[in-house]
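**Student:**
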Amino acid sequence: MHVTIRQLKVFDSVARHLSYTKAADDLHLTQPAVSMQIKQLERAVDLPLFEVLGKRVYLTQAGETFHAHVQRILAQLKHAAEEMDALKGVDAGRVRVAIASTVNYFAARLIAKFCQLHQNVTINLEVTNRETLLQRLEANEPDMVLMGQPPEELELDAIPFMSNPLVAISAPDHPLLRYERITLENLAEQRLIMREPGSGTRNAIERVFREQGIEPVSRTEMTSNEAIKQVVEAGLGIAIVSRHTVELELSVGRLVEVPAETFPIVRKWYIAQRVNKRLSPAAQAFKEFVLAEGRAQEAAAEHATAEIPA
Ligand code: PGA
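The sequence shown begins at 878 in our numbering and counts up one residue at a time.
#1: Between the C-alpha atoms of K916 and A952, what's the straight-line distance to the nearest angstrom?
#2: Within the same chain, show all residues whose beta-carbon is closer than 6 Å to that of H944, passing over the 5 residues directly before and after it, in chain order.
#3: Shorter than 6 Å, the distance from the beta carbon of G1171 to the closest heavy atom of the ligand PGA, or not?
#4: Locate the beta strand (DSSP E) running through T1005, then write down its first and last residues.
#5: Got a sec? Which residues, its chain only, sit under 7 Å from S1076 by beta carbon, not counting five neighbours each side?
#6: Would you grab the beta carbon distance between I1115 and V1109 for me? Rounded to a whole angstrom, and I think it's under 8 Å.
#7: To the nearest angstrom, report how far apart P1158 and R1172 are at their CA atoms.
#8: Along the chain, where does the beta strand (DSSP E) that runs through S1101 open and close?
#9: Suppose contacts are defined by Cβ-Cβ distances below 7 Å. Is I1117 in contact with I1082 by that definition?
#10: Just tell me which of L1061, R1068, Q1089, N1102 has its CA closest to the CA of T1078.
#11: Based on Cα-Cα distance, which residue from A1111, P1027, S896 lies nearest to A1035?
#12: For A1111, does the three-state DSSP call read helix, strand or coil?
#13: Please give the ranges of any beta strand (DSSP E) in the segment 945-1016, keeping only runs that are unbroken, at least 3 residues long and fully inside the region.
#14: How long is the line joining the alpha carbons of L1023 and S1119, rounded to whole angstroms?
#15: Determine the contact status of V1020 and A1177, defining contact as a CB-CB distance below 7 Å.
#16: Please find out if some non-hydrogen atom of the ligand PGA comes closer than 6 Å to the beta-carbon of A1149.
#17: Closest by CA to Q1150, which one among H1121, V974, L1053?
#18: For the ligand PGA, any of its heavy atoms closer than 6 Å to the Cβ of S1076?
#19: Would you call the CB atoms of R1068 and S1095 closer than 7 Å?
#20: Since T1097 sits in a beta bridge, which residues does DSSP pair it with?
#21: I need the DSSP call for K899, collapsed to helix, strand or coil.
#22: How is the beta strand (DSSP E) around E928 delimited, first residue to last?
#23: Would the C-beta of A952 count as close to the ligand PGA, meaning under 6 Å from any of its heavy atoms?
#24: Evaluate the contact criterion for the segment 1136-1147 versus the segment 1046-1060: three or more CB pairs, one atom per stretch, below 8 Å.
#25: Could you tell me if Y935 is buried or exposed, where buried requires 16 or more neighbouring beta carbons within 10 angstroms of its beta carbon?
#26: How many angstroms separate the CA atom of H894 from the CA atom of A900?
#27: Using the beta-carbon count (16 or more within 10 Å), is L1054 buried or exposed?
#28: Are N997 and D968 close, meaning C-beta to C-beta below 7 Å?
#29: Which of the three DSSP states is assigned to F1166 in this structure?
#30: Note down, in chain order, each residue of its chain lying with its Cβ closer than 8 Å to the Cβ of E1015, except the 5 sequence neighbours on either side.
#31: So K1145 packs on P1037, CB below 8 Å; how close in whole Å?
#32: Can you tell which of E1088, G966, L1043 has the C-alpha that lies nearest to the C-alpha of L1156?
#33: So, with DSSP's three-state summary, where would you put A1187?
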């Protein structure tokens, strides 16, 4: 059977997405290039691997059996590549990091600093929400993730490295700011701009409201922190976000922190990896760097708070 690794990768992508178009996007190929690779593979295997019924793509029985083998071959290959990287030492190889979109606000700085110290290390960064991060971890794709509270159902080595204060934000002229005392109930009466289901920030906020037996009256959903900040600035409503996402806007007065009771809700950022995950020296160096930077940042924040006169 004369098949190439490239054909196997293309086949695996089509089999996972059950779509030639998505596989083409995934692999940065054109759709005809994907079809061509699959045709050649089917010729080499001498069996049809997919069937198209209506507009949907299905794996044939042969396709299913072949896919199980291909997944094992590709996993083995990845393992071989990782072991080779591991032999190359701290200043070489690749670190695959997936981060929650909220982490992006400070991760960029961390990564830039790490890359200056280790010029030959390639960082492969995926920015996504909490739910997708967990799927990636389950598929053993990233070396590590930076995320909020890790779930219990996946066996992870997770270490907290920095505080993540959630704050309520509004436009500077929002009527709520005139209240003498702002309670969680008052927030729940406003139009609340929330992240999408699957966001860790959203989970945390919903948990706080649920624990207090409060149901927000009106919600609007957005999939990005940037979009949320813009509509809040435009006066659409109130949002609860990580303070890390709004430091700039707060400092120039485009947004204000609503002095509501219960806030800030302090969460933690975690660096997490699968239990028994074998980190390359470069990945291990990245992990130690994040932990050290987190500790330094926390110490600086504590020092700044201690200096504010009572
Ligand atoms: P997210 O943040 O809201 O961007 O998913 C992750 C988290 O807080 O767990």
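Backbone N, C-alpha and C define an ideal beta-carbon position, used for all residues, glycine too.
**Tutor:** The answer reads as follows:
#1: For K916 and A952, the gap between their C-alpha atoms comes out near 23 Å.
#2: Here H944 has A892 as same chain residues with Cβ atoms under 6 Å from its own Cβ, once five neighbours each way along the sequence are excluded.
#3: Annotation for G1171 indicates a beta carbon at 6 Å or more from all heavy atoms of the ligand PGA.
#4: Segment 999-1005, the beta strand (DSSP E) holding T1005.
#5: Same-chain partners within the cutoff: N1006, R1007.
#6: About 7 Å separates the beta carbons of I1115 and V1109, which is inside the 8 Å limit, making them a contact pair.
#7: Distance between the alpha carbons of P1158 and R1172: 21 Å.
#8: Careful: S1101 lies outside any beta strand (DSSP E) and carries neither H nor E.
#9: It is a contact, given that the beta carbons lie within the stated cut-off.
#10: Nearest C-alpha to T1078: N1102.
#11: Minimum Cα distance to A1035 is reached at P1027.
#12: When DSSP states are grouped into helix, strand and coil, A1111 belongs to the coil group.
#13: Correct list: 971-977, 999-1005.
#14: Cα to Cα, L1023 sits roughly 14 Å from S1119.
#15: Here the sequence assigns Asp to residue 1020, which means Val is not the residue at that position. Taking C-beta atoms as the reference points, D1020 and A1177 fail to come closer than 7 Å.
#16: Answer for A1149: no, Cβ out of range of the ligand PGA.
#17: From the listed residues H1121, V974, L1053, the smallest Cα separation to Q1150 is found for V974.
#18: S1076: yes, Cβ under 6 Å from the ligand PGA.
#19: Yes, Cβ-Cβ distance for R1068 and S1095 is below 7 Å.
#20: Paired residue(s): I1070.
#21: In this structure, K899 counts as helix in the three-state DSSP scheme.
#22: Residues 927-930.
#23: Taken from the Cβ of A952, every heavy atom of the ligand PGA lies 6 Å or farther away.
#24: Taking 8 Å as the limit for Cβ pairs, the verdict is that the segment 1046-1060 does touch the segment 1136-1147.
#25: By the neighbour-count criterion, in which 16 or more other beta carbons inside 10 Å mark a residue as buried, Y935 falls on the exposed side.
#26: Straight-line Cα distance between these residues: approximately 7 Å.
#27: The C-beta of L1054 has fewer than 16 other C-beta atoms within 10 Å across all chains shown, which makes the residue exposed.
#28: Yes, they are a contact pair.
#29: Three-state DSSP puts F1166 in a helix.
#30: So the list reads L1031, once near-sequence residues are dropped.
#31: Contact holds; Cβ gap of about 4 Å.
#32: Here the closest residue by C-alpha is G966.
#33: Unreliable positioning characterises A1187 in this predicted model, as indicated by a pLDDT of 46, which lies under 50. The coordinate reading is nonetheless provided below. Collapsing the DSSP output to three states places A1187 in coil.
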